[in-house]
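Undergrad: The numbering used here numbers the first residue of the sequence shown as 626 and each following residue consecutively.
For every residue, glycine included, the Cβ atom is placed at its ideal position computed from N, Cα and C.
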Amino acid sequence: MTKHSILGRVARLATANVNALLDQAEDPQLMLDQLVRDYADNIGEAEEAVAAAIGSLRLLEEDHREDLEAAREWGEKARAASVKADELRGSERPELADRFDNLAKVALGRQLQSEKEAQAAEPMIASQTEVVGQLRAGLDRMREKLAELRARRDELVARARTAEARNRMLDALRSVDILDPASEISRFEDKVRREEAKALGKQELAASSLDAQFEQLDAAGDTAEIEARLAALKSAA
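(1) Taking a contact to mean a Cβ-Cβ separation below 7 Å, would you say D692 touches S739 in this structure?
(2) Smallest Cα separation from E747: which of R786, H689, R735 and L798?
(3) Quick one: any contact between the region 698-709 and the region 669-686, if contact means 3 or more CB pairs under 8 Å?
(4) Expressed to the nearest angstrom, what Euclidean distance is found between the alpha-carbon atoms of E712 and A677?
(5) Does the Cβ of R875 have 16 or more other Cβ atoms within 10 Å, making it buried, or fewer, making it exposed?
(6) Reducing DSSP to helix, strand and coil, say where G715 ends up.
(7) Take every Cβ of the region 778-789, pair it with every Cβ of the region 655-666, and state whether three or more of those distances are shorter than 8 Å.
(8) Three-state secondary structure (DSSP) at E850?
(9) Do you know whose CA, among V817, A732, G734 and S707, lies nearest A722's CA?
(10) Are the beta-carbon atoms belonging to L682 and V757 less than 7 Å from one another?
(11) Quick check: V675 and L733, are their CB atoms within less than 7 Å of each other?
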């Protein structure tokens, strides 16, 4: 996978419109759980791509260090061969001096080659370093999106459960309103009040009957008194 395809994939995943996906959810629990799993899988793939890019960068850096080290070592060898050639020219075997100078030239050629390879790798290392930085930033955004998605999922599931429980409660209350036991109590209360009123009526009726009897008794007493007084008047005459 090229760096451009890696970057494109991470960018697409990191900028996915999570809100739009959530708006399409008919069953919050099932749909959001699947969405979280899919997004986590995408992050896993992106992590592997980023790891591969980092590995390529580390190989380039290692090769660059080896080229620099080789250039340094070849430089030391060239220097040692040149010193040896100078020593031989002042000794009894000057014919060997050219041989060591040639060795110094060979070493210098290797040094130059290693330096060129190191220099050629530096733009590649810089480019790959930039790519890795972008990939890591994209991966961080994906992880933030995943955390956001999980939080939204938990929120929506909790809201759905609360709404369901509330609807059940409201349905139960509507059932109570339809079959209100208070209405039965009210009817029984009316019956009791009617019985109480009937009792009061009987009580009043009984009281009025008793008063009439007492009035009759009083009237009978008055009649007897009148008859007695009349008899007294006649006897006095």
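TA: If we stick to the structure as given:
(1) The count along the sequence shown starts at 1 and reaches residue 692 at position 67. The count along the sequence shown starts at 1 and reaches residue 739 at position 114. In this structure, the beta-carbon distance from D692 to S739 falls below 7 Å.
(2) The sequence position of residue 747 within the sequence shown is 122, counting from 1. Closest by alpha carbon: H689.
(3) no
(4) Reading the sequence shown from its first residue, position 87 is the one you call residue 712. Reading the sequence shown from its first residue, position 52 is the one you call residue 677. Cα to Cα, the separation comes out at about 52 Å.
(5) Because the chain is modelled from 626 through 862, residue 875 falls outside the range shown and cannot be assessed.
(6) The residue labelled residue 715 in the question sits at position 90 within the sequence shown. Here G715 sits in coil by DSSP.
(7) yes
(8) The sequence position of residue 850 within the sequence shown is 225, counting from 1. Helix at E850.
(9) For the purposes of this step, residue 722 is identified with residue 97 of the sequence shown, where counting begins at 1. Among V817, A732, G734 and S707, the Cα nearest to that of A722 is on S707.
(10) Here residue 682 refers to the residue found at position 57 of the sequence shown. Here residue 757 refers to the residue found at position 132 of the sequence shown. Result yes, Cβ atoms of L682 and V757 sit closer than 7 Å.
(11) Locating residue 675 in the sequence shown gives position 50, counting from the first residue. Locating residue 733 in the sequence shown gives position 108, counting from the first residue. No, Cβ-Cβ distance for V675 and L733 is not below 7 Å.
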